[in-house]
Structure formats: structure tokens, C-alpha cells
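Single-structure report; data block below.
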Amino acid sequence: MANRKGVFFVICGPSGAGKTTLVTRVRQRFPDLVYVPSYTSRPSRGPKELTAGRYRFISKEEFERRIRQNDFLEYASYAGHYYGTPRSEVQTLLASGRDVIKEADVQGVCQLRRRRLPGRLVAIFILPPSLQALEYRLDKRGTESAAARRRRLAAVLDELGALDLFDYIVINRRIVQSVERLSAIIRAEIASSAN
Ligand code: 5GP
């Protein structure tokens, strides 16, 4: 299977939908799946996030320099900050047959759908069980100001209009069940790409 190309799993969903927890648990089950952290110009939410490995934090100026250099496979501005996927890292991994998982927002998935990638793109949307549940989780997390929370909730309503971009939708009611569902999707997609 020297020619097998990797599968690119892109996980999308509003912040507060439980996406990060879900991705962390799923990664533990698939040790060969490579997690590619995003670049962002958003400040970190604290020292814990700085070292958590989910993001590479850079300044807005540095991000814009990288945009000009065409360093991103896709990038977007979300709630006032830039987020982007490193181009050569993902392409090299997929071309060498490694399966990749990373997060992106709807704008990112939309751009990735138009790219010619070395492997297959599988886009998965994680939905909160309700908007109230999302508001509750964002409030409980308490990492955003009231204005930032409003911007994020407005972004969610936009995202819901783009659900047809996705191959799968997982409604995150109970984390244990969602981990099972996401794992089943990943297992099936990797198995079918081996043929
Ligand atoms: P947060 O600030 O809550 O960590 O992320 C805000 C949004 O940016 C989330 O929807 C998250 O999935 C998305 N995001 C994270 N990394 C990327 C990326 O590389 N590209 C794009 N387009 N969105 C991303």
C-alpha cells in the first residue's frame, strides 16, 4: 500500500460544543492519527492553553506575513482573530499516507473543499444539543467577555446555514456516546481508504 494517501479529518463546531474534549479523547484511541495544531492570532486563554498543543499562538503581524507567503492551506477570521492550517505540514503528511485530524471553522472547511489535497477530506460537524446548552457552556467556561460571547453565538447561527458542507454531523449530547460515534466514523473512513 505504498501509494495510500492519508485521510484528512476536519472537525468543526462552535466553541462550547465540546469539540476539544471530544477530539482529545478520540486522539487517545487513534495513536497513529496525527493532530495538526492551528496557527492563531488569538491570545491564549491562559498558561494552560499555551502549552496544551491545540494552537500555535502568533501575533497578527506574523499571521499576516504568513498569509502573504501563502503558508496556509486555509485561513479565516473568526470573532476578530485569525486561525489557519499550515499548508506544507498537512500536505506532506497526507502525501506520505498519514491520517490527519485538525479543527477548523466553517469558512476553513469551505476553502478546504476547493483545494486539491493529496488525500481525502472528511468534514465532521459537532453540534451542541441546543443553543441554550451552548450558551450555558460558554458562560460556565467564563473565558470570554459578554461581547465576545455574543460574537461567538452569532457565528454559530451562520455556521448552521452551512451544514451541507459536511460529511457527518455528530450531536454531542453525552460525551461518551459522541466519542464512540466519532471513533466509528474515523475507523470506517480509514478502513475504506485502504482499498
Ligand atoms: P477558539 O477561539 O474557540 O479556540 O476557536 C474559534 C474557532 O476557530 C473554532 O470554530 C475553531 O474550530 C476554529 N479554528 C481553529 N483552528 C482553525 C483553523 O486552523 N482554521 C480555521 N478556519 N478555523 C479554525
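Take the sequence shown: its position 194, counting from 1, is numbered 206 in the working numbering, and each next residue is one higher. All residues carry an ideal CB built from backbone N, CA and C; glycine is no exception. Model, not experiment: these values are computed from the prediction.
Classify residue i as helix, strand or coil using the three-state DSSP reduction.
i    : result
I70  : coil
V112 : strand
L133 : strand
A174 : coil
V48  : coil
F75  : helix
P55  : coil
Considering only the alpha carbon of each residue, which of the options lies closest to residue i?
i    : options                : result
R77  : G65, G96, L62, A64     : G96
E61  : N184, Q103, Q189, T155 : T155
R149 : F20, K72, C24, K31     : K31
P26  : D176, L194, V19, R163  : R163
V46  : R54, L105, G120, V121  : L105
Q40  : S204, E201, S195, V48  : S195
At a threshold of 7 Å, does residue i count as lining the ligand 5GP (C-beta to nearest heavy atom)?
i    : result
R54  : yes
E115 : yes
E74  : no
S100 : no
Y95  : yes
E221 : Nothing about residue 221 can be reported from this structure: the residues present for the chain run from 13 to 207 only.
A159 : no
Please classify residue i as buried or exposed, where buried requires at least 16 neighbouring CB atoms within 10 angstroms.
i   : result
N15 : exposed
G58 : exposed
R80 : exposed
Can we say the stretch 85-94 touches the stretch 119-131, given the rule of at least three CB pairs closer than 8 Å? yes
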